[in-house]
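Add 249 to the 1-based position in the sequence shown for the working numbering, that's all there is to it. First comes the structure, then the notes that go with it.
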Amino acid sequence: MQHERLVLNLSTCEPLGLYQLTGNPYPLHDGELVEVELPDPITHPAVAEGLRNHWFPQNQPWIKQIGALPGQTVTLSRQGVWVNGRYLPNSHVDRRTPGGRNAILHYPFGTYHLKTGQVWLYAPGNYAFDSSYYGPVSQGHILQAARPYWIIPGSQFWLQKGD
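As structure tokens, this is what we get:
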């Protein structure tokens, strides 16, 4: 059994600050905040690349939103992500790291119908690392529900996109 606790988010995926982990996230809902474990770098090349280049904090919680659930259709393009025809704000797919130093791998552009047990993770922050880069993940990667406890609103947009 997991107990409620506070964790510090230092990534640009969601606003910087403290999040309260609240235990069982099921049943899942669109837009729900969850703590997730890192997808396997062996089967997700973008995750391997991110780890190799230190593009995201390790040994820290990953707070993401549920962008799409099993049975929903996700369309991924350069312009962003659509779920059942609904655009996810600020989901533009970045091709280069901040400052343009490195290319970023992304999941192949296309339309995907999520299978039973799959979710699409979404994070609206600038340079957020979500399913746009590594694809749908197993619901088994979802650890707990999360909710903002003390955050800095808008901080997920401090790192300006230049792509």
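Note that beta-carbon positions come from the ideal geometry of N, C-alpha and C, so glycine has one too.
Beta-ladder partner(s) of residue i, from DSSP
| i | result |
| --- | --- |
| K364 | The partner list for K364 (beta bridge, DSSP) is empty, contrary to what the question assumes. |
| E284 | I312 and Q393 |
| Y371 | Q314 |
| G266 | N258 and I400 |
| Y275 | DSSP, once it has assigned bridges, lists no residue as partnering Y275. |
| V332 | V323 and R335 |
| R345 | A352 |
Helix, strand or coil at residue i according to DSSP, with G and I counted as helix
| i | result |
| --- | --- |
| Q321 | coil |
| A297 | helix |
| Y383 | helix |
| S326 | strand |
Cβ-Cβ distance between residue i and residue j below 8 Å
| i | j | result |
| --- | --- | --- |
| P264 | P402 | yes |
| I312 | L287 | no |
| Y361 | V323 | yes |
| L257 | L270 | no |
| Y376 | T261 | yes |
| L392 | G359 | no |
| L363 | Q309 | no |
Own chain residues within Cβ distance below 8 Å of residue i, not counting five before or after
| i | result |
| --- | --- |
| L337 | G316, G329, V330, W331, Y371 and P373 |
| G366 | P319, S387, Q388 and G389 |
7 Å CB neighbourhood of residue i in its chain, flanking five on each side removed
| i | result |
| --- | --- |
| E253 | Q269, L270, T271 and G272 |
The ligand MG heavy atom lying under 7 Å from the CB of residue i
| i | result |
| --- | --- |
| H362 | The ligand content of the structure shown is nil, which means the ligand MG is not present either. |
Min CB distance residue i to chain E below 8 Å
| i | result |
| --- | --- |
| F378 | The structure shown contains no chain E; it is built from a single protein chain. |
Cut-off 6 Å between Cβ atoms - residues of its own chain near residue i, not counting five sequence neighbours on either side
| i | result |
| --- | --- |
| N333 | Q321 and T322 |
| F406 | N375 |
| W369 | G316, A317, V323, S380 and P385 |
| S340 | G329 and V330 |
Discussion item. Three or more C-beta pairs under 8 Å: does that hold for the stretch 281-300 against the stretch 374-385?
Written reply: yes
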